[in-house]
Amino acid sequence: RLTWQAYHKTAVIYGYLEHLTTTYPNLCSVKTIGMSVQNRPIKLLKISNGKPGNKAVWVDGGIHAREWITPATVTYIINHIVSNFENEPKYIQDTDWYITPVANPDGYEFTHSTDRLWRKNRARSGGQCAGTDLNRNFGYKWGGKGSSKNPCTQIYAGTGPFSEPETAAIQRFIQGTKVPWKAYVSFHSYGQYILYPWGYENAVPTDHRDLEAVGRRAAAAITAAGGPRYTVGPAGSTLYPAAGGSDDWAKGVAGFKYSYTIELRDTGRFGFVLPASYIQPTAEEALAALRVIVEAAQKA
Ligand code: 0X9
Ligand code: ZN
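Numbering-wise, the sequence shown is residues 207 to 506 according to the UniProt record's numbering.
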């Protein structure tokens, strides 16, 4: 059904998620956690062996519409985990996975139909200019550095924290689901970075050594798997300060110990328009990194 030799639209990805629930009904379930501005469902796949006491991990892709490698990578990871589940190590099996491959379905659809480099959602809160940057709209230090009140910019933060239905759906689901959340991983592109909080400014949380150590082990796992170099560090000083990111909210409010934004390939040759031939190698290395993070989350 789904292949990883091409990029797919939301409808095909959602069809694949539904297919998994009929093929693996004891392992997979799908839930619509909310609707987008243009009334598209935001679908979440839960993978769970149903053991009580499992740790919970959140994975998302597609917060930024043009970062096509991220829904592709997330669905590749889903496919790998589900189809190899019986042979996976305990830290994979005894995790409850909550995975949203397309967090911004309106923006993603718009990049297929109209503007390949669209980044934001498709909200029309700001007069003539459409779109709120969903990664400036989360409710921790909202409206600070690296975000804008001008709807015509790429980093428009929206009218308030969680003003957008897409971010509000994630907030509502995570805070309404009383499970032991341990790791939050948001896939973005591009640049080959493993970033951890804080992103809102040049500062780090008190347990930054743990985040740095696990991040470095994740980057080492990527190179060990034959992948390229990924740079590890706090988002605010490694990339740039940008407030209202999902990673900061996950760490600062929602109680995830291990919160990462992973910027996938490449470093600029193709940028957002990464050829589909890169999906498989990029997703393989993303899975190698995710394994390290989830194994650490099991001990958290
Ligand atoms: O600017 C962003 O939202 C992310 N980079 S991207 O090129 N994919 O747009 C980085 C976000 C890092 N985290 C925070 N600043 N909180
Ligand atoms: Zn992004």
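Every residue, glycine too, gets a C-beta built ideally from N, C-alpha and C. A quick note: this is a predicted structure, and the numbers were derived from the prediction, not measured.
Do Asp-453 and Pro-403 have their CB atoms nearer than 8 Å?
-> By 1-based counting over the sequence shown, the position of residue 453 is 247. By 1-based counting over the sequence shown, the position of residue 403 is 197. Contact: yes.
For the segment 385-424, list the beta strand (DSSP E) runs that are entirely contained and at least 3 residues long, ordered along the chain.
-> Unbroken beta strand (DSSP E) runs of no fewer than 3 residues, entirely contained in the segment 385-424, are found at 387-395, 399-402, following chain order.
Apart from the five residues just before and just after Ala-374, which ones in its own chain have a Cβ nearer than 8 Å to its Cβ?
-> The residue you call residue 374 lines up with position 168 of the sequence shown. If we look at Ala-374 and ignore the five residues flanking it on each side, its Cβ neighbours are Gly-240, Phe-368.
With DSSP as the reference, label Leu-470 as helix, strand or coil.
-> Counted from its first residue, the sequence shown places residue 470 at position 264. The answer is strand: DSSP assigns Leu-470 an E or B state.
Cβ-heavy atom distance, Thr-216 to the ligand 0X9, below 7 Å = Residue mapping note: residue 216 aligns to position 10 of the sequence shown, counting from 1. False, no ligand heavy atom lies under 7 Å from that Cβ.
To which residues does DSSP link Ile-305 through a beta bridge?
-> Position 99 of the sequence shown, counted from the first residue, corresponds to residue 305. Its beta-bridge partners are Leu-251, Val-265.
Beta-carbon separation of Ile-283 and Leu-496 under 8 Å?
-> Counted from its first residue, the sequence shown places residue 283 at position 77. Counted from its first residue, the sequence shown places residue 496 at position 290. When the beta-carbon positions are compared, Ile-283 and Leu-496 come within less than 8 Å of each other.
Give the single residue among Gly-474, Trp-387, Thr-279, Thr-209 whose Cα lies nearest to the Cα of Ala-492.
-> Sequence index remark: in the sequence shown, residue 492 carries index 286 (1-based). Considering only Gly-474, Trp-387, Thr-279, Thr-209, the residue with the shortest C-alpha distance to Ala-492 is Thr-279.
Would you be able to state if there are at least three C-beta pairs under 8 Å between the segment 288-299 and the segment 311-322?
-> Contact between the segment 311-322 and the segment 288-299 is absent, with fewer than three C-beta pairs closer than 8 Å.
For Ser-483, count neighbouring C-beta atoms within 10 Å of its own C-beta (all shown protein chains included) and say buried if the count is 16 or more, exposed if not.
-> Translated into positions along the sequence shown, residue 483 becomes position 277. Ser-483 comes out exposed.
Inter-residue Cα distance where the pair is Asn-310 and Ser-254 | Your numbering for residue 310 matches position 104 in the sequence shown. Your numbering for residue 254 matches position 48 in the sequence shown. The alpha-carbon separation between Asn-310 and Ser-254 amounts to approximately 24 Å.
Buried versus exposed call for Gly-433 [16 or more other C-beta atoms within 10 Å across all chains shown] = What you label residue 433 is simply residue 227 of the sequence shown in a count that begins at 1. Per the 10 Å Cβ criterion, buried.
Alpha carbon to alpha carbon, what distance is there between Lys-347 and Ser-289?
-> Indexing the sequence shown from 1 puts residue 289 at position 83. Indexing the sequence shown from 1 puts residue 347 at position 141. Cα-Cα distance, rounded: 40 Å.
With distances taken from CA atoms, which of Ser-354, Ala-262, Thr-216 is nearest Ala-389?
-> Here the question's residue 389 lines up with position 183 in the sequence shown. Selected option, being the one with the closest Cα: Ala-262.
Answer yes or no: do residue 514 and Glu-294 have a C-beta to C-beta separation smaller than 8 Å?
-> The structure shown does not extend to residue 514, since the chain is modelled only from 207 through 506, so no value can be given for it.
Taking Ile-499 as part of the alpha helix (DSSP H), name the residues at either end of that continuous run.
-> For the purposes of this step, residue 499 is taken as residue 293 along the sequence shown, with counting starting at 1. Residues 485-505.
Kindly indicate the opening and closing residues of the alpha helix (DSSP H) around Lys-296.
-> Against the sequence shown, residue 296 aligns to sequence position 90. Lys-296 -> alpha helix (DSSP H) spans 296-299.
Report buried or exposed for Lys-505, applying the criterion of at least 16 other Cβ atoms within 10 angstroms of its Cβ.
-> Numbered from its first residue, the sequence shown carries residue 505 at position 299. Around the beta carbon of Lys-505, a 10 Å sphere encloses fewer than 16 other beta carbons of the protein chains shown; the residue is thus reported as exposed.
Output the distance between the C-alpha atoms of Asn-235 and Lys-252, rounded to the nearest integer angstrom.
-> Here the question's residue 235 lines up with position 29 in the sequence shown. Here the question's residue 252 lines up with position 46 in the sequence shown. The sequence shown places Ser at residue 235, rather than the Asn named in the question. Between the alpha carbons of Ser-235 and Lys-252 lies a gap of roughly 5 Å.
Among Gly-337, Tyr-464, Glu-501, the one whose alpha carbon lies nearest that of Arg-415 = Along the sequence shown, one-based indexing puts residue 415 at 209. That would be Tyr-464, whose Cα lies nearest to the Cα of Arg-415.
Other residues of its chain near Thr-227: CB distance less than 7 Å, five sequence neighbours each side excluded | Indexing the sequence shown from 1 puts residue 227 at position 21. Once the five neighbours on either side are set aside, the close Cβ partners of Thr-227 are Cys-234, Ser-235, Val-236.
Where does Thr-279 fall in DSSP's three states?
-> To locate residue 279, count along the sequence shown from 1; it is residue 73. DSSP places Thr-279 in helix when its eight states are reduced to three.
Please go through the same chain and pick out, in chain order, the residues whose beta-carbon is closer than 7 Å to the beta-carbon of Leu-223, but skip the five residues on each side of it.
-> Counting from 1 along the sequence shown, the entry for residue 223 is found at position 17. Close CB contacts of Leu-223 within its chain, under the 7 Å cut and outside five residues either way in sequence, are with Val-236, Lys-249, Leu-251 (chain order).
As assigned by DSSP and simplified to three states, the class of Gly-439 | As a first step, residue 439 must be located in the sequence shown, where it is residue number 233. Strand.
Hey, is Gly-337 close to the ligand 0X9, as in C-beta under 7 Å from one of its heavy atoms?
-> Locating residue 337 in the sequence shown gives position 131, counting from the first residue. Gly-337 has its Cβ no nearer than 7 Å to any heavy atom of the ligand 0X9.
Buried/exposed call for Glu-469, threshold 16 Cβ in 10 Å = Sequence index remark: in the sequence shown, residue 469 carries index 263 (1-based). Result: buried.
Span of the alpha helix (DSSP H) around Val-236 | Counting from one through the sequence shown, the residue named residue 236 turns up at place 30. Bounds of any alpha helix (DSSP H) do not take in Val-236; it lies within the beta strand (DSSP E) bounded by 234-241.
Helix, strand or coil at Gly-382 [DSSP, three-state] = Position 176 of the sequence shown, counting from 1, holds the residue named residue 382. Helix at Gly-382.
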